[in-house]
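Here's the structure we're looking at; comments come further down.
Number of protein chains: 2
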Amino acid sequence: MAQGAGRDPEELFEELWRACAGPLVELPQTNERVFYFLQGHLEQLQEPTDPALLAEQIKMFQVPNKILCKVVNVELKAETETDEMYAQITLQPEPDQVDLPQLPEPPLQETSRPVVHSFCKILTPSDTSTHGGFSVLRRHANECLPALDMSMPTPTQELITKDLHGSEWRFKHIYRGQPRRHLLTTGWSTFVTSKKLIAGDAFVYLRSETGQQRVGVRRLVQKQSTMPASVISSQSMHLGVLASASHAIRTHSIFLVYYRPRLSQSQYIVRLNKYLESSKIGFDVGMRFKMSFEGDDVPIKKFSGTVVDKGDLSPQWQGSEWKTLKVKWDEATNLNGPERVSSWEIEPFDASAPAITMPVQPSMKNKRPRETAEGLDIHALEPAQEFWLSGRPEQHEKTSVSSSEPKHQVAWTSERAGYSAMSSSISQKLFQVTSNDARVPPWPGLSAYHADEPSSKIFQCRRRGKEGARHVPSVWRQFD
Amino acid sequence: MAQGAGRDPEELFEELWRACAGPLVELPQTNERVFYFLQGHLEQLQEPTDPALLAEQIKMFQVPNKILCKVVNVELKAETETDEMYAQITLQPEPDQVDLPQLPEPPLQETSRPVVHSFCKILTPSDTSTHGGFSVLRRHANECLPALDMSMPTPTQELITKDLHGSEWRFKHIYRGQPRRHLLTTGWSTFVTSKKLIAGDAFVYLRSETGQQRVGVRRLVQKQSTMPASVISSQSMHLGVLASASHAIRTHSIFLVYYRPRLSQSQYIVRLNKYLESSKIGFDVGMRFKMSFEGDDVPIKKFSGTVVDKGDLSPQWQGSEWKTLKVKWDEATNLNGPERVSSWEIEPFDASAPAITMPVQPSMKNKRPRETAEGLDIHALEPAQEFWLSGRPEQHEKTSVSSSEPKHQVAWTSERAGYSAMSSSISQKLFQVTSNDARVPPWPGLSAYHADEPSSKIFQCRRRGKEGARHVPSVWRQFD
DNA sequence: TTGTCGGCGTCGCGCCGACAA
DNA sequence: TTGTCGGCGCGACGCCGACAA
Numbered sequence: 001m002a003q004g005a006g007r008d009p010e011e012l013f014e015e016l017w018r019a020c021a022g023p024l025v026e027l028p029q030t031n032e033r034v035f036y037f038l039q040g041h042l043e044q045l046q047e048p049t050d051p052a053l054l055a056e057q058i059k060m061f062q063v064p065n066k067i068l069c070k071v072v073n074v075e076l077k078a079e080t081e082t083d084e085m086y087a088q089i090t091l092q093p094e095p096d097q098v099d100l101p102q103l104p105e106p107p108l109q110e111t112s113r114p115v116v117h118s119f120c121k122i123l124t125p126s127d128t129s130t131h132g133g134f135s136v137l138r139r140h141a142n143e144c145l146p147a148l149d150m151s152m153p154t155p156t157q158e159l160i161t162k163d164l165h166g167s168e169w170r171f172k173h174i175y176r177g178q179p180r181r182h183l184l185t186t187g188w189s190t191f192v193t194s195k196k197l198i199a200g201d202a203f204v205y206l207r208s209e210t211g212q213q214r215v216g217v218r219r220l221v222q223k224q225s226t227m228p229a230s231v232i233s234s235q236s237m238h239l240g241v242l243a244s245a246s247h248a249i250r251t252h253s254i255f256l257v258y259y260r261p262r263l264s265q266s267q268y269i270v271r272l273n274k275y276l277e278s279s280k281i282g283f284d285v286g287m288r289f290k291m292s293f294e295g296d297d298v299p300i301k302k303f304s305g306t307v308v309d310k311g312d313l314s315p316q317w318q319g320s321e322w323k324t325l326k327v328k329w330d331e332a333t334n335l336n337g338p339e340r341v342s343s344w345e346i347e348p349f350d351a352s353a354p355a356i357t358m359p360v361q362p363s364m365k366n367k368r369p370r371e372t373a374e375g376l377d378i379h380a381l382e383p384a385q386e387f388w389l390s391g392r393p394e395q396h397e398k399t400s401v402s403s404s405e406p407k408h409q410v411a412w413t414s415e416r417a418g419y420s421a422m423s424s425s426i427s428q429k430l431f432q433v434t435s436n437d438a439r440v441p442p443w444p445g446l447s448a449y450h451a452d453e454p455s456s457k458i459f460q461c462r463r464r465g466k467e468g469a470r471h472v473p474s475v476w477r478q479f480d
Numbered sequence: 001m002a003q004g005a006g007r008d009p010e011e012l013f014e015e016l017w018r019a020c021a022g023p024l025v026e027l028p029q030t031n032e033r034v035f036y037f038l039q040g041h042l043e044q045l046q047e048p049t050d051p052a053l054l055a056e057q058i059k060m061f062q063v064p065n066k067i068l069c070k071v072v073n074v075e076l077k078a079e080t081e082t083d084e085m086y087a088q089i090t091l092q093p094e095p096d097q098v099d100l101p102q103l104p105e106p107p108l109q110e111t112s113r114p115v116v117h118s119f120c121k122i123l124t125p126s127d128t129s130t131h132g133g134f135s136v137l138r139r140h141a142n143e144c145l146p147a148l149d150m151s152m153p154t155p156t157q158e159l160i161t162k163d164l165h166g167s168e169w170r171f172k173h174i175y176r177g178q179p180r181r182h183l184l185t186t187g188w189s190t191f192v193t194s195k196k197l198i199a200g201d202a203f204v205y206l207r208s209e210t211g212q213q214r215v216g217v218r219r220l221v222q223k224q225s226t227m228p229a230s231v232i233s234s235q236s237m238h239l240g241v242l243a244s245a246s247h248a249i250r251t252h253s254i255f256l257v258y259y260r261p262r263l264s265q266s267q268y269i270v271r272l273n274k275y276l277e278s279s280k281i282g283f284d285v286g287m288r289f290k291m292s293f294e295g296d297d298v299p300i301k302k303f304s305g306t307v308v309d310k311g312d313l314s315p316q317w318q319g320s321e322w323k324t325l326k327v328k329w330d331e332a333t334n335l336n337g338p339e340r341v342s343s344w345e346i347e348p349f350d351a352s353a354p355a356i357t358m359p360v361q362p363s364m365k366n367k368r369p370r371e372t373a374e375g376l377d378i379h380a381l382e383p384a385q386e387f388w389l390s391g392r393p394e395q396h397e398k399t400s401v402s403s404s405e406p407k408h409q410v411a412w413t414s415e416r417a418g419y420s421a422m423s424s425s426i427s428q429k430l431f432q433v434t435s436n437d438a439r440v441p442p443w444p445g446l447s448a449y450h451a452d453e454p455s456s457k458i459f460q461c462r463r464r465g466k467e468g469a470r471h472v473p474s475v476w477r478q479f480d
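Chains as they are written, first to last, in UniProt numbering: chain B, 1 to 480; chain Z, 1 to 480.
In structure tokens, the structure reads:
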């Protein structure tokens, strides 16, 4: 509960924050320069105000469409009640808002990040039911959890972890059952209840090389229950945001923005260099592109589409670049893709994806017709998903999870460069482990493995869906 | 959960809202004129901003200290999560903010209010523990709950009630035990858990003459958990509120204020007539006054004090009348009285209290020295409390609750004129009831009683204390 | 490999009157 | 009159392997 108490190694806090935020969340660095799109910020604040009034206010406050700012500070935080993470970003408008830079600025030096082992698993109905505990996927246990003493008849240990607020959570980690599997039992249900987890939400676990353990949560949809208890009217909020920026520009002073990355994917604080890169491309009508989304079984999934129109989103913001591109998605089944995007959210279709280690193989055979999909069928997403998986030549069952190795080799997040997928060898080593039975002596290779491949990260991430209600989503119907 | 669904008889909703808000909460009526004190509004928004910046903004937005507005609309609402009630008030600044009215305007006609039976009981540790149900005080049961069929061996019925959101709550009401008493059993614990009630919070029950039943909650302290999930910076909020008012004045348009009466007692929207009355009195240094608070055992408790200083609260608001009176309270033990008040929050000491039916008898004998009170002793408040109770000449034990009749005759709320305390006769009738044993035939006088005294209301109200933490407060220590 | 289920022991909720403040 | 407690019955929680996808 206590805020500020628990962040002993600040670095771990940031690691946990990023793990919970997901691979798509991108934050500016301190001292970097960014463009701040007021329009996008206002868009995140609930119900829109009267457009006429808004137009008048924009005029009155004389705010440009995008504001060039220096990032003075970035503080990562999390909501006490919901664990929703957000960033408090301190911005300072640059003196000159007219002659905007045309050339990228020298990149800031990357601050080295601590090495952690982490996983993220979408919770099944069994995981969240009161009937039992949490089933740890074997590879997650092997790669992330502290090694068990396999000489014991039923290997057991207690995991002592902390969440973003510094609160402690203890879990009994046991390796039992026939066939043997890793489970979290005692302590798990308390966690589920306290965090109000439901099937479809995801559990995040993280362990540093020093043995520090952290846990977190990534929710299926942004619960509207984070509904910001009406303190002031929505119109006052809009005016306040406008006035803050306007005042900061005129007085060249700082102002604060609370950036909630999981509220919507729209980035309204864009790194200058990123902006310049995308404007150099110059997306236009007819051009094909691709865009990243969170995947179920992979951290990042990409969908492609075509720009079909280009123009102002609203007349109040004439000439703004905010969501000027109207797009059509290739896959008709992708119900969630936004109708309009900003140019910096997408990448050219043909350019080689920098962080995708596997070659793209568009020649996927879709063996099953999908036209009878009832409801929002998650499987309908599979063709595109498989598109970005390693091109495994064999067909496989819809719900198949039996072939593990190739799945490891895909779509590693590019957020922090330098990672490479080594999961092929990982899988082989894991296989040795799993083929060991309970009675064998402790296997030294397990801990050695951690030292060998410290930077490997396995993510199994949440799906972005439209089923906003807090009940078991349709994807889990099969388990009812 | 469903909003908007449940307010069948809108009138009952308002009754419930007011019962939960407490007797001190005063709302302006539609079409009435009020003064809106921006300074007070800003004060309620968490952490203050930089004073220098604030001063600059006040200057820039050119807002007067108080704004004369017409009340265009008042909507009563309640927070989904916490049931905290608030009012969304639509204001329209009057064209002339310079020549302010000096004479009261004709009072609006009172809209007749439906007759309801209601009670409000502070929850004991037993009420909130998982060990059992809720103990209904006898007079509450007799006056408010539907009559039981006393011919049954253990009279029982099911109460079907709704809360402010329209959600249904069912309670088993049973009359059992030795000696017999009224209890709410099945359904109660779910309510306690869902509403997150703890000892010290209060349960509100209300029944209309048509038999409609409502339940609500009045919390001990305003949980900071209503903490308004940082959506925009506090500075932006301040600017937004300022800008909204400023814009409304200039364009003579409406703006919205969310008024949260239980966040603090400070009224920053003051009826014009009330303001004029208080300014006619002209409080000044040296004058004695009294002020209303919520009491534990009585709806309203009054404390007296002396004005010791007068002046601006902050230099940013020069000449404002907001909390200009610095006061000293008569009772040194009253730790909670504010140091500064606005003139409309207090009344002259000598003027006859309009709604107090009992004569004030200041000649209370305090038989016990209080200097050894450990911690924050609730009993230390008693002298002043008794001061405003009917002057019972006999001394009594600190924790005595045995002498019931005189306590009923005090401090009835003046909020809605026309009520008079008839509890003396009530108590006598109740005595007949309670002296009946379980086996007697149904007592026809009980239902007849309800028809006789429809407007009587018994409140047992929450104490305002400093023990903010969500644990059993010190007043309950005796039960540990 | 892992999601779900039947089996079942145990714990705590919650209903009861006793008792005393 | 009513707050708290001991007694205790029952239902849900939660740990287990079986089984199958």
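Heads up, the beta-carbon is just placed ideally off N, CA and C, and yes, glycines get one too.
- Residue pairing of E294 (chain B) in beta bridges, as defined by DSSP: B:I300.
- Contact note: L256 (chain B) reaches chain Z through S233 and Q235, using a C-beta cutoff of 7 Å and chain order.
- At a cut-off of 9 Å, the C-beta of E26 (chain Z) has no neighbouring C-beta in chain B.
- The three-state secondary structure of I254 (chain B), taken from DSSP, is coil.
- Beta-bridge partners assigned by DSSP to Y259 (chain B): B:A87.
- The beta carbon of R207 (chain Z) lies closer than 8 Å to those of V116, H117, S118, C144, L145, P146, Q213 and R214 in the same chain, with the five residues before and after it left out.
- Annotation: the continuous beta strand (DSSP E) that includes W169 (chain Z) extends over E168 to R176.
- Interface with chain Z (9 Å Cβ-Cβ cutoff): K70 (chain B) is excluded.
- Taken through DSSP and simplified to helix, strand or coil, R288 (chain Z) comes out as strand.
- Annotation: the continuous alpha helix (DSSP H) that includes H41 (chain Z) extends over L38 to Q44.
- Taking a contact as a CB-CB distance under 8 Å, the pair V63 (chain Z) and L38 (chain Z) counts as one, their CB atoms being some 6 Å apart.
- When beta bridges are read from the DSSP output, N73 (chain Z) appears opposite Z:T90.
- The C-alpha of T251 (chain B) is placed about 26 Å away from the C-alpha of Q267 (chain B).
- Residue contact with chain Z for R260 (chain B): present (Cβ-Cβ distance below 9 Å to some residue of chain Z).
- Sorting Z:K195, Z:F349, Z:P23 and Z:R260 by C-alpha distance to the C-alpha of I232 (chain B) places Z:R260 at the top.
- One thing to note: Q235 (chain B) has its Cβ no nearer than 9 Å to the Cβ of A55 (chain B).
- The count of Cβ pairs closer than 8 Å, one atom from the segment 288-307 of chain B and one from the segment 126-138 of chain B, stays below three, leaving the stretches out of contact.
- The C-beta separation of P28 (chain B) from A248 (chain B) comes to about 16 Å, leaving the pair out of contact by the 8 Å criterion.
- Listed along chain Z are S230, each with a C-beta nearer than 8 Å to that of Y86 (chain B).
- Residue state for Y268 (chain B) is assigned as coil, using DSSP reduced to three classes.
- Membership of W188 (chain Z) in any beta strand (DSSP E) is not indicated; the residue belongs instead to the alpha helix (DSSP H) covering W188 to S194.
- Interface with chain Z (9 Å Cβ-Cβ cutoff): H247 (chain B) is included.
- Cβ contact annotation for E14 (chain Z) (same chain, cutoff 7 Å, sequence separation greater than five): L76, in chain order.
- For A52 (chain Z), the uninterrupted alpha helix (DSSP H) run begins and ends at P51 to F61, by DSSP.
- Taking 9 Å as the cut-off, the Cβ atoms of L91 (chain B) and Y36 (chain B) count as close.
- Between the beta-carbon of F293 (chain B) and that of K301 (chain B) there is about 5 Å, and that keeps the pair under the 8 Å contact cut.
- Within the segment 150-166 of chain B, contact with chain Z at the beta-carbon level (separation under 9 Å) is assigned to no residue.
- In this model, I174 (chain Z) and F134 (chain Z) are separated by some 10 Å (Cα to Cα).
- According to the DSSP assignment, F119 (chain Z) belongs to the beta strand (DSSP E) that extends over V116 to I122.
- In the DSSP annotation of this structure, the continuous segment of the alpha helix (DSSP H) that includes F13 (chain Z) starts and ends at E10 to A21.
- When beta bridges are read from the DSSP output, V215 (chain Z) appears opposite Z:Y205.
- Annotated three-state conformation of D312 (chain Z) is coil, per DSSP.
- C-alpha of E321 (chain Z) to C-alpha of G311 (chain Z): approximately 8 Å in a straight line.
- Interface residue (Cβ-Cβ distance to chain B less than 9 Å): L76 (chain Z) is not classified as such.
- Chain Z places a beta carbon closer than 9 Å to that of T82 (chain B), counting this residue as a contact.
- Of the candidates B:C20, B:E79, B:A21 and B:L108, B:E79 places its Cα closest to the Cα of A229 (chain Z).
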